[in-house]
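Asker: Using my numbering, you'd call the opening residue of the sequence shown number 432 and step up by one each time.
All residues carry an ideal CB built from backbone N, CA and C; glycine is no exception.
Owing to the predicted nature of the structure, the values given are computational and were not obtained by experimental measurement.
Structure provided below as structure tokens; questions to follow.
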Amino acid sequence: YIANISIDDCDSSQKLLNMPPVVVRLHWIHQTETKVYDIEKSSEGLFGDLGTYQTLVKGLDAAKKELKNVHTDFLDKWTRETGSSIASRTLGLKTDDPVVYFEQGKLMHVNYNPRLVGLINEVRMISVMGYNIPMHIQEAAEVAKKFMNQARSLQQVATFHNTIGDRMIASQRPMMLTAAVELAKLVREQHTVTWSNTSAVENYITKLQTSVERLNKENNLLASYHMQIKDKVVFLMDTDLLRSQQQWKEILREIRDIITKVEEKFSNSKSWRAHWEHQIYKALEHQYQLGIEALNHNLPEIKIDLVYRYQNLQYSPPMEEIRMKYYSQLKRFLAIPLYIRGVSDTCIFPIIVENNAHRFSRLFSRAEVLFEKLDKLCDEWRDWVALGSMDIDYLARKYLATADDWEFNFRASKNWGQEIAKLICSERKVDCFTVNLTPVSSEIELHNRRYWDALTSSLLGSILEDVASLEKFVYESKKALQVQPKCLDEVGEASFLYRQIMEKTKDMQRVLEGVLKKNKTLANWTKEKVDQVFFLTSIWDNFQTLLNNQQNLISKQVENMKNNLSSQVEKLVVEIERFALCWDQMKPKEETFISSDNLQSCMQIIKDKRREWDHIMEIINKLKNDHVQFGMDEPSLPNFSEIEEDLKQQESVWQLFDDFKNELDQIAKEEWIIVRNKVQAKMNKFNTDWTEKLTKTLTTGLIVCLLHDLEEYKELVPVLKYLKGDMFGENHWIELFNILGTTYKPVNLLVFGDFLNLRKMIILGANALQDLNNRAAGEIVIRQALTELDIWEVEAKFDHTSHIDSKGQSLHLILHFKDIMNKVGDNQCLLQSVKSSSNYEKFRDRASIWETRLTDLDQFLCSLNQIQRKWVYLEPIFGGGTLTMEKARFERVDRDLRGILKDLAAGEWRVNILCRIPHLHNTLQVLTQQLAHCQKSLLDYLEMKRLRFPRFYFLSDDDLLEILGQANKQQVVQSHLKKLFSGIHGVIFQEDEIIALQSLQGENVFLKNPVLVTSNVEEWLFSLCEEMKMTLKLLVIECMKQPDPVKYPSQVLCLAERVSFTTHCEKAIPAAALK
């Protein structure tokens, strides 16, 4: 142990003891010395008699000596190093320094060396161990101990100050800005607080602690609110956005309430709000993406029914409405970020939709897959409702014929009903759709019942139809067989009919057998029977008996028919004799050809007798055929040939009249409005053709009568031109019908036949009709002239243009007065030509109105033209305030003229509006007089201006008015200055001042003093004149002193040269120095 003692052993103990290293080492040396002395005392009694004891003693002495040396050296070294540090001021407290300082302007450090705390402990512990410590070290320790507690408090504040930024939540830092600024302000006061001022240090520490405590409290409070919101946002991360939208809204409202509560105490929460806005954004986007991926499963349940309507399997509501409802919910979900209200004033949630738009394609693809599932579900049931889309009754009628067919279908319907009963599924879940299958199941059952009923009704109908056909066949056959033939044709027909009935009876026998089988099938499946089937058997047996007896009845009937033919011949002979007597009495004779009306009745008699004779011919031909068929001689009929020939002769004679009448009727039916321009040509052709045709025919009373009618038509043709009525008014048509002695008929209803029937009255009244046409032709010229005036009144408008007055107001002025006045003069000439017409009296009132109106218009236009021209000339002067003494008079003129123009504008600038303005004539007279007064005042005003500034005599009245009224306009000034000053071609402006004069050659003379251009023209022109003189005078003086061809204008140079020459001459002449 003694041999292994080493000073390095104290390092392990230093780690275990909370002591300064120097104290640990001194303590270890002291303990080791004590152990060495204890070993020395105890070893003498224990090991003194051993031979190696002296070695131990030597080792103990060496150890004690070494420990003492180490103790002395170590203590001296500590004393020396500590004293050196105190002396060099690296260890110690500078009482005149600030208590704190800042490293690089950021980290706060206490101006108290942490080594001083160790020094205090070392001095205290070393003193306790009984060692002597130098006085200067003790004094340094006492000073350090005096400020140690304050330094510790300041260190806590410094630590808080240096770490508060890390402990603060970044988004909440602006909210604690007030407390932080207060702390920073206190900390910045450190340069005025030193260790020497103990009370100031204590006060400084108290303020710092108060500020730190406040800042820490606010930080903890805000952190607690932050954690509350964090928990809610984390909860939202796991809250389904689609199913728990209300919960989302409530939690967001709670978050807003928390933020609002915080904002009652803290300001500058914008960044904190933005932070949580982005966190909520993350949660919302997370749930939004999850919702998109599982949207079909998480959408609210949509209940639909699978129904069968209108022979089609479909969903109720319709698929379009289902799609609309689905996509509306889909749209509502996709639009959730657009309507969710966050916690910040600026909502950033809508961009979620845009950022996730690339997911929508898959979403809509899954939607289409979902609808395909619905379509597949519908297809699964389509076979079950196949019967509903078919016309079962039609198919039964078409394909069911035998009893076996019905037997097969009855059995199929029964099996189908058993399959339907196995369908127990009432609804089917397809993602978010719940499909109710009950309606379609009920419909399938109904289809099967309809199928069964259709089979029953079709079988029953087939049986009844067959029974009816059998009964009809038996009834019709019996009826046909019971008819007794009266002629040979009927006998042949009866035999043919008998053979047909026999052939058809075989088919009916098979039908009867089929009816019996069908009736049995109906009884087996429906427990019903048709009773008519049993009665049909007995009817069929009776019919078979009747067929067997039919041939004998036909032979007896033939004998009876031969006897009946003789009596029919006798009746026919009597009928022919009666017709012959009537024909001789009624056929046309020569004395009946008096008028065309009698001819028409004769023609009708011939047609009636032809129809009667054709009926008799049919009977004759039938009797002859019957005699030939029965092998009998042809019957004798007296007078038959004579009557036939006479009737044909009369028909050939009267056919010519029928053609004449038909052709004339065709012309007479044409509408008068259409045919009146070509009726003369048609009638001439008709007369020519028929005259030629009748003259070639044998002359008879009928031909003479027709030629007489043609003569009347020829007399009528020349008069038809007076009936055209192209120029007729309604009163002319009424007068025409009065001349013809008939009632008035509208011209659109007239046909040519109306005038043909009145041909005699037309021929007699030809002169009156001619006079009526002449009067109508004269009146139409006057009527057209007046109509032209009416049209001009409606269409005539003034041309106008926009004009800006001196006050900047816009109004419209009339253009092209001359065109309107010329047109009024033309209309007056037209009216004068109308007055010279013989038919003028009828239109006198209307023409007088137009004469007065045109006269007024001519006066109005002349006056208004002069007034507008003078107003345009005078308005810039009076409107600009140049002539104030007549301003009130001109304002009245201006107001009245604007009123007239406003009335014209309201009437769309129509010329006739002038005649409707009340008291316009007086108004225009007053305006003309007032403008004359204004113009006279203006001339007096111009004369006064010329007297004030005589150069104005160089300007005309118009130029002077322009420069007086628009003196502030540079273009106006430039255009007139050259007329006032012959040497000034132009001036240079700088804003509203003239700064230079320009010559025609382009030389500039800058004025010494700029001339201000004002509204008082003569004053600034006079100033310009004076300034021009003064400037030229100064330029000449300067040029005389120092001539410069570049600097001065040519006029000044020339003048200076002449002055200089004259001066030299004046000096040289007295001195006789001229050379």
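Three-state secondary structure (DSSP) at N743?
Answerer: Strand.
Asker: Considering Q718, what are the terminal residues of the alpha helix (DSSP H) in which it resides?
Answerer: That run of the alpha helix (DSSP H) goes K701 to E724.
Asker: The alpha helix (DSSP H) that contains T1494, what's its start and end?
Answerer: Run containing T1494: S1481 to A1502, per the alpha helix (DSSP H) assignment.
Asker: Less than 7 angstroms between the C-beta atoms of H1407 and D1423, yes or no?
Answerer: Going by C-beta atoms, H1407 is not nearer than 7 angstroms to D1423.
Asker: Using the DSSP secondary-structure output, state which residues sit across from S1241 in a beta bridge.
Answerer: Note: S1241 sits in a beta bridge opposite I1235.
Asker: Starting from K734, follow its DSSP beta bridges and name the residues at the other end.
Answerer: In DSSP, K734 forms a bridge with T865.
Asker: Do C1346 and R1284 have their C-beta atoms closer together than 7 angstroms?
Answerer: Yes, the pair counts as a contact, with Cβ atoms nearer than the cut-off.
Asker: On the DSSP bridge assignment, give the partners of N1435 in chain order.
Answerer: Bridge partners of N1435: Q1429.
Asker: Against chain B, with Cβ distances strictly below 7 angstroms, would K1152 count as a contact?
Answerer: Given the protein chain composition of this structure (a single chain), no chain B is represented.
Asker: Using a Cβ-Cβ cutoff of less than 7 angstroms, which residues in the same chain neighbour M668 once the five nearest sequence positions on both sides are dropped?
Answerer: Contacts found: A714 and H717.
Asker: Quick check on Y712: buried or exposed, where buried means 16 or more other Cβ atoms within 10 Å of its Cβ?
Answerer: Result: buried.
Asker: Just to confirm my understanding: we take W1222, look at its own chain, exclude 5 residues before and 5 after, and list those with CB closer than 8 angstroms. What are they?
Answerer: In the sequence as displayed, the identity of residue 1222 is Ile instead of Trp. None.
Asker: Would you mind stating whether A1099 and F1183 have Cβ atoms separated by less than 7 angstroms?
Answerer: It is a contact, given that the beta carbons lie within the stated cut-off.
Asker: Which one or two residues does DSSP pair with K1228 in a beta bridge?
Answerer: K1228 pairs with R1341.
Asker: Counting beta carbon pairs with one atom in the stretch 737-746 and one in the stretch 776-793, are three or more of them shorter than 8 angstroms?
Answerer: No, the stretch 776-793 does not touch the stretch 737-746.
Asker: Are the beta-carbon atoms of L878 and L808 separated by less than 7 angstroms?
Answerer: Just to set this straight, residue 878 is His in the shown sequence, not Leu. Not closer than 7 angstroms, so no.
Asker: Roughly how many angstroms separate the alpha carbons of F1186 and Q1201, rounded to a whole number?
Answerer: Going from the Cα of F1186 to the Cα of Q1201 covers about 16 angstroms.
Asker: Helix, strand or coil for N651 per DSSP?
Answerer: Helix at N651.
Asker: Would you give the residue range spanned by the alpha helix (DSSP H) that V1418 belongs to?
Answerer: No alpha helix (DSSP H) holds V1418; the beta strand (DSSP E) holding it covers G1417 to Q1421.
Asker: Short of 6 angstroms in beta carbon distance, which residues of its chain neighbour I1025, apart from the five on each side in sequence? Order them along the chain.
Answerer: Residue placement at I1025 cannot be trusted, given a pLDDT of 46 that sits under 50; what the coordinates show is reported in the next sentence. Contacts found: none.
Asker: Compare the Cα-Cα distances from Q1290 to each of I636, I1251 and D806 and report the closest residue.
Answerer: Here the closest residue by C-alpha is I1251.
Asker: Tell me the residue span of the alpha helix (DSSP H) that contains M1192.
Answerer: Here the alpha helix (DSSP H) through M1192 covers R1190 to L1195.
Asker: Have a look at E751 and E803 and give me their C-alpha separation to the nearest angstrom.
Answerer: C-alpha separation (whole angstroms): 14 angstroms.
Asker: Using a Cβ-Cβ cut-off of 7 angstroms (strictly less than) and excluding sequence neighbours within five positions of C1470, which residues of its own chain qualify?
Answerer: The residues are Y1479, V1483, L1484 and A1487.
Asker: Count the CB pairs spanning the stretch 1224-1231 and the stretch 1337-1352 that are closer than 8 angstroms, and state whether there are at least three.
Answerer: Because the criterion of three Cβ pairs below 8 angstroms is met, the stretch 1224-1231 and the stretch 1337-1352 touch.
Asker: Can you tell me whether DSSP reads F1024 as helix, strand or coil?
Answerer: Only weak support is given to the placement of F1024: the predicted model assigns it a pLDDT of 49, under 50, and the value that follows is read from those uncertain coordinates. F1024 falls in the coil class under three-state DSSP.
Asker: Going by DSSP in three states, E1101 sits in which element: helix, strand or coil?
Answerer: It is coil, neither helix nor strand.
Asker: Out of P1441, N1447 and D1475, which has the shortest C-alpha to C-alpha gap to M1459?
Answerer: When each option's Cα is compared against that of M1459, the closest is P1441.
Asker: Does DSSP put V1477 in a helix, a strand or coil?
Answerer: Looking at V1477 - three-state DSSP - the assignment turns out to be coil, as it is neither helix nor strand.
Asker: Closer than 8 angstroms is the cut-off here; do at least three beta carbon pairs connect the stretch 768-783 with the stretch 688-706?
Answerer: Yes, the stretch 768-783 touches the stretch 688-706.
Asker: Would Y758 be called buried (16 or more neighbouring beta carbons within 10 Å of its own) or exposed?
Answerer: Classification for Y758: exposed.
Asker: Based on Cα-Cα distance, which residue from T865, K1040, P870 and A885 lies nearest to D1077?
Answerer: When each option's Cα is compared against that of D1077, the closest is K1040.
Asker: If you draw a straight line from the alpha carbon of G1172 to that of I1193, how long is it in whole angstroms?
Answerer: G1172 and I1193: Cα-Cα distance of roughly 10 angstroms.
Asker: Can you tell which of L1386, N1115, D736 and A832 has the C-alpha that lies nearest to the C-alpha of G945?
Answerer: Ranking L1386, N1115, D736 and A832 by Cα distance to G945 puts A832 first.
Asker: Compare the C-alpha of L672 against each of K1318, T637 and L765 and name the closest.
Answerer: Here the closest residue by C-alpha is L765.
Asker: How about E553 and V454: are their beta carbons less than 7 angstroms apart?
Answerer: Yes, they are a contact pair.
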